[in-house]
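K.L.:
Add 29 to a position in the sequence shown, counting from 1, and you land on the number used in my numbering.
Ideal Cβ positions, reconstructed from N, Cα and C, are used throughout, including at glycine.
Right, I'll just put the structure down here and ask away after.
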Amino acid sequence: MVNIENVRKDFPMLNKRRKRDGKPLIYLDNAATTFKPRQVIEAVLSYYEDFTANVHRGIYELSQEVTNLYEDSREKIAKFIGARKPSEIIFTKNSTEAFNIIAYGLDWKPGDEIVTTVMEHHSNIVPWQIIREKFGVKLKFIDLTDDGSHLNLDMLEELLTERTKLVTLTHVSNVLGTINPVRDVIRKAHEVGALTLIDAAQSVPHMPANVRELECDLLVFSSHKMLGPTGIGVLYMRSGVEEHIQPPFGGGEMIKTVTLEGCTWNDMPWRFEPGTPNAAGVIGLAAAVDYLSELGMDWVRKHEIKLTELAMKRLAEFDKVTVYGPKNTKERGGIISFNVEGVEGHDVALLLDEFENIAVRSGLHCAEPLHRKLGVQSSVRASFYLYNTEEEVNLFCGTLEKIVNSLF
Ligand SMILES: Cc1ncc(COP(=O)(O)O)c(C=O)c1O
30 MVNIENVRKD FPMLNKRRKR DGKPLIYLDN AATTFKPRQV IEAVLSYYED FTANVHRGIY
90 ELSQEVTNLY EDSREKIAKF IGARKPSEII FTKNSTEAFN IIAYGLDWKP GDEIVTTVME
150 HHSNIVPWQI IREKFGVKLK FIDLTDDGSH LNLDMLEELL TERTKLVTLT HVSNVLGTIN
210 PVRDVIRKAH EVGALTLIDA AQSVPHMPAN VRELECDLLV FSSHKMLGPT GIGVLYMRSG
270 VEEHIQPPFG GGEMIKTVTL EGCTWNDMPW RFEPGTPNAA GVIGLAAAVD YLSELGMDWV
330 RKHEIKLTEL AMKRLAEFDK VTVYGPKNTK ERGGIISFNV EGVEGHDVAL LLDEFENIAV
390 RSGLHCAEPL HRKLGVQSSV RASFYLYNTE EEVNLFCGTL EKIVNSLF
């Protein structure tokens with residue numbers, strides 16, 4: 030049995046009180062980034078205090094030690110997402126960089142096609158728009174269902190052709206919370222010979238996610254959204270897929286031999302990791318994976334379902350509040366975006382902050398095309414994580430009720 034109060038003690042940020050009135054911080058912006066437990070902070074510190082040396086570059090003992098730590102971390106992270114081998118894990122700066130590695134690494138020909146969705150974060154739209162301008166590829170979008178809560182997958186058959194080179198979509202929407210049936214999409218994409226890329230930035234941190242079960246070729250996620258340090262992300266590349274992708278960045282470590290005439294690439298995964306890596310970040314991410322594994326991803330998912338169900342039920346009682354995304358909590362992650370009729374999203378967020386020190390995000394959440402599809406200028410987003418409590422959710426809903434009542 031997980032004791033949430035004990036979990037909360039691991040997170041120094043949860044001790045923060047507002048100077049002005051001593052109110053605790055109610056942090057409901059976990060889709061943007063999460064707090065870090067002491068175990069992760071200590072792991073990062075340990076790199077700087079005990080293991081500072083460059084990885085893969087020294088023959089002396091300390092360099093070997095930190096290289097082992099770095100590569101053991103890769104193995105741990107590979108296991109966490111069900112990869113077949115550690116060499117399928119490439120360390121990047123974040124999800125955004127991982128998308129760009131694929132965008133700049135694939136061998137595009139004019140007329141090639143990319144299928145993505147209108148539900149994507151900008152990081153899974155803009156790189157493809159750049160590629161479209163550069164190479165004359167076609168970019169196609171899966172639209173939403175009429176109620177705006179799911180992808181209209183009936184379109185898929187029509188969008189997929191023998192020219193489809195890549196199908197890329199999010200596992201969980203960072204606005205609607207919708208969990209997409211990515212496995213079905215992946216199977217259909219493979220039928221036309223396309224590569225599949227999954228944005229798992231909002232799924233890997235929150236629910237069991239296994240690349241072998243999903244059968245995807247590529248998958249990305251960010252450490253900072255799953256208790257880990259900032260500045261580190263993961264690109265999962267199924268073994269064999271590297272044959273289709275040229276390393277877009279050159280430098281040290283990603284080569285085997287270099288002459289003035291040319292070079293040969295290093296083995297996987299190092300050929301995609303040029304330059305000195307973020308060893309502290311990788312070690313910190315491994316500590317985050319340890320932390321999540323100890324709690325169990327099933328528990329994390331159940332806990333978030335409980336909080337989401339509570340919030341959805343209460344918000345449904347407010348007739349001035351529109352909640353976006355699926356009604357059924359089983360079809361969504363712990364993300365709830367909403368609007369209060371006639372009130373700017375930023376104003377709602379400011380009032381939540383002002384009244385009870387509640388942190389939510391407002392604006393477009395890096396998903397402007399989705400907001401345009403929904404026909405709204407912006408939205409307010411509350412997103413939960415494993416350290417949030419029912420009391421916090423109740424305080425959030427109660428405060429929102431007060432705000433609505435004071436405005437109408
Ligand atoms: C669904 C989704 N994809 C991609 C990203 C980009 O992540 P990062 O900024 O860490 O690269 C985010 C971040 O908000 C996200 O929510």
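In three-state terms, what does DSSP make of Ala411?
P.N.:
Translated into the one-based positions of the sequence shown, residue 411 becomes position 382. If DSSP states are grouped into helix, strand and coil, Ala411 belongs with the strands.
K.L.:
Counting pairs of Cβ atoms below 8 angstroms between the stretch 281-290 and the stretch 123-139, do you hit three or more?
P.N.:
Cβ pair count under 8 angstroms is below three, so no.
K.L.:
Bridge partners of Met266, per DSSP?
P.N.:
Within the sequence shown, residue 266 is the residue found at index 237, counting from 1. Note: Met266 sits in a beta bridge opposite Leu247.
K.L.:
Bridge partners of Arg390, per DSSP?
P.N.:
For the purposes of this step, residue 390 is taken as residue 361 along the sequence shown, with counting starting at 1. DSSP, once it has assigned bridges, lists Arg410 as partnering Arg390.
K.L.:
Roughly how far, in whole angstroms, is the beta-carbon of Met283 from the beta-carbon of Pro276, given that I think they are within contact range, below 8 angstroms?
P.N.:
Counted from its first residue, the sequence shown places residue 283 at position 254. Counted from its first residue, the sequence shown places residue 276 at position 247. Yes, they are in contact, since the Cβ atoms of Met283 and Pro276 sit about 6 angstroms apart, within 8 angstroms.
K.L.:
Output the distance between the C-alpha atoms of Asn423 and Ala340, rounded to the nearest integer angstrom.
P.N.:
Indexing the sequence shown from 1 puts residue 423 at position 394. Indexing the sequence shown from 1 puts residue 340 at position 311. Those two C-alpha atoms are separated by around 7 angstroms.
K.L.:
Distance check for Met30 and Leu415, CA to CA, integer angstroms please.
P.N.:
Here residue 415 is taken as the residue at index 386 of the sequence shown, counted from 1. Here residue 30 is taken as the residue at index 1 of the sequence shown, counted from 1. Looking at the two C-alpha atoms, the distance is approximately 14 angstroms.
K.L.:
Could you check where the alpha helix (DSSP H) with Lys335 kicks off and where it finishes?
P.N.:
Position 306 of the sequence shown, counted from the first residue, corresponds to residue 335. Its alpha helix (DSSP H) spans residues 326-345.
K.L.:
Which value, in whole angstroms, describes the spacing of the CA atoms of Gly260 and Ala308?
P.N.:
Locating residue 260 in the sequence shown gives position 231, counting from the first residue. Locating residue 308 in the sequence shown gives position 279, counting from the first residue. Cα to Cα, Gly260 sits roughly 11 angstroms from Ala308.
K.L.:
Tell me whether His150, by its Cβ, gets closer than 7 angstroms to a heavy atom of ligand 1.
P.N.:
To locate residue 150, count along the sequence shown from 1; it is residue 121. Yes - ligand 1 has a heavy atom lying nearer than 7 angstroms to the Cβ of His150.
K.L.:
Just checking my contact of Met255 with Pro234 at CB under 8 angstroms: how many whole Å lie between their CB atoms?
P.N.:
Residue mapping note: residue 255 aligns to position 226 of the sequence shown, counting from 1. Residue mapping note: residue 234 aligns to position 205 of the sequence shown, counting from 1. Between Pro234 and Met255 the Cβ distance is about 3 angstroms, and since that is below 8 angstroms, they are a contact.
K.L.:
Taking the alpha carbon of Asp296 as the point to measure from, which residue in Asp79, Pro66, Glu117, Asp58 has its own alpha carbon closest?
P.N.:
In the sequence shown, the residue the question calls residue 296 occupies position 267. It is Glu117.
K.L.:
Let me know the secondary structure DSSP gives Glu419 once reduced to three states.
P.N.:
Here residue 419 corresponds to residue number 390 of the sequence shown, with the count starting at 1. Helix, per DSSP.
K.L.:
Taking the C-alpha atoms as reference points, what is the distance between Glu78 and Ala72?
P.N.:
Your numbering for residue 78 matches position 49 in the sequence shown. Your numbering for residue 72 matches position 43 in the sequence shown. If you take the alpha carbons of Glu78 and Ala72, they lie about 10 angstroms apart.
K.L.:
With respect to 7 angstroms, is the separation between the Cβ of His179 and the closest non-hydrogen atom of ligand 1 below this value?
P.N.:
In the sequence shown, residue 179 corresponds to position 150, counting from 1. Checking every heavy atom of ligand 1 against the Cβ of His179, none is found closer than 7 angstroms.
K.L.:
Give the secondary structure of Ile215 by DSSP, where H, G and I count as helix, E and B as strand, and everything else as coil.
P.N.:
One-based indexing of the sequence shown puts residue 215 at position 186. Of the three classes helix, strand and coil, the one that applies to Ile215 here is helix, per DSSP.
K.L.:
Which whole-angstrom value describes the C-beta separation of Phe347 and Val433, a residue pair presumed to lie in contact below a C-beta threshold of 8 angstroms?
P.N.:
Within the sequence shown, the letter at position 318 stands for residue 347. Within the sequence shown, the letter at position 404 stands for residue 433. Phe347 to Val433, Cβ: 6 angstroms. Contact.
K.L.:
Assuming Ser366 is part of the beta strand (DSSP E), what are its boundary residues?
P.N.:
Here residue 366 refers to the residue found at position 337 when the sequence shown is read from its first residue. Element bounds for Ser366: 364-369.
K.L.:
Do you know how far the Cα of Glu34 is from the Cα of Ala315?
P.N.:
Walking along the sequence shown from the start, residue 315 turns up at place 286. Walking along the sequence shown from the start, residue 34 turns up at place 5. Straight-line Cα distance between these residues: approximately 23 angstroms.
K.L.:
Report whether the distance from the Cβ of Gly362 to the nearest heavy atom of ligand 1 is below 7 angstroms.
P.N.:
Here residue 362 refers to the residue found at position 333 when the sequence shown is read from its first residue. Flag unset: Cβ of Gly362 not near ligand 1.
K.L.:
In terms of residues, what are the limits of the beta strand (DSSP E) holding Val305?
P.N.:
Sequence index remark: in the sequence shown, residue 305 carries index 276 (1-based). One detail in the question is off: residue 305 reads as Thr in this sequence, not Val. Where Thr305 is concerned, there is no enclosing beta strand (DSSP E), given that its DSSP letter is neither H nor E.
K.L.:
At a cut-off of 7 angstroms, is Gln231 close to ligand 1 when judged by its beta-carbon and the heavy atoms of the ligand?
P.N.:
On the sequence shown, position 202 is the one that residue 231 refers to. Checking the Cβ of Gln231 against ligand 1 gives yes.
K.L.:
Less than 6 angstroms between C-beta atoms, sequence neighbours within five positions excluded: which residues of the same chain meet that for Val377?
P.N.:
Start at 1 with the first residue of the sequence shown, and residue 377 comes out as number 348. Cβ neighbours of Val377 beyond the five flanking positions: Val369, Val409.
K.L.:
Measuring only the C-alpha atoms, how far is Ala388 from Thr225?
P.N.:
In the sequence shown, counting from the first residue as 1, residue 388 sits at position 359. In the sequence shown, counting from the first residue as 1, residue 225 sits at position 196. C-alpha separation (whole angstroms): 35 angstroms.
K.L.:
Starting from Val36, trace the alpha helix (DSSP H) in both directions and tell me its first and last residue.
P.N.:
Here residue 36 corresponds to residue number 7 of the sequence shown, with the count starting at 1. Per DSSP, Val36 belongs to the alpha helix (DSSP H) from 33-38.
K.L.:
Of all the options Val350, Gln158, Pro115, which has the alpha carbon lying nearest to the alpha carbon of Phe437?
P.N.:
The residue given as residue 437 occupies position 408 in the sequence shown. Out of Val350, Gln158, Pro115, Val350 has the C-alpha closest to the C-alpha of Phe437.
K.L.:
Candidates Val318, Trp294, Lys38, Thr305: which alpha carbon is nearest Lys108's?
P.N.:
Within the sequence shown, the letter at position 79 stands for residue 108. Lys108 has its Cα closest to that of Val318, out of Val318, Trp294, Lys38, Thr305.
K.L.:
Do three or more CB pairs link the stretch 39-55 to the stretch 386-402 at distances below 8 angstroms?
P.N.:
Because the criterion of three Cβ pairs below 8 angstroms is met, the stretch 39-55 and the stretch 386-402 touch.
K.L.:
Can you tell me whether Ile227 is buried or exposed? The criterion is at least 16 other CB atoms within 10 Å of its CB, across all chains shown.
P.N.:
Numbered from its first residue, the sequence shown carries residue 227 at position 198. Flag for Ile227 reads buried.
K.L.:
Which of helix, strand or coil does DSSP assign to Trp294?
P.N.:
Within the sequence shown, the letter at position 265 stands for residue 294. If DSSP states are grouped into helix, strand and coil, Trp294 belongs with the strands.
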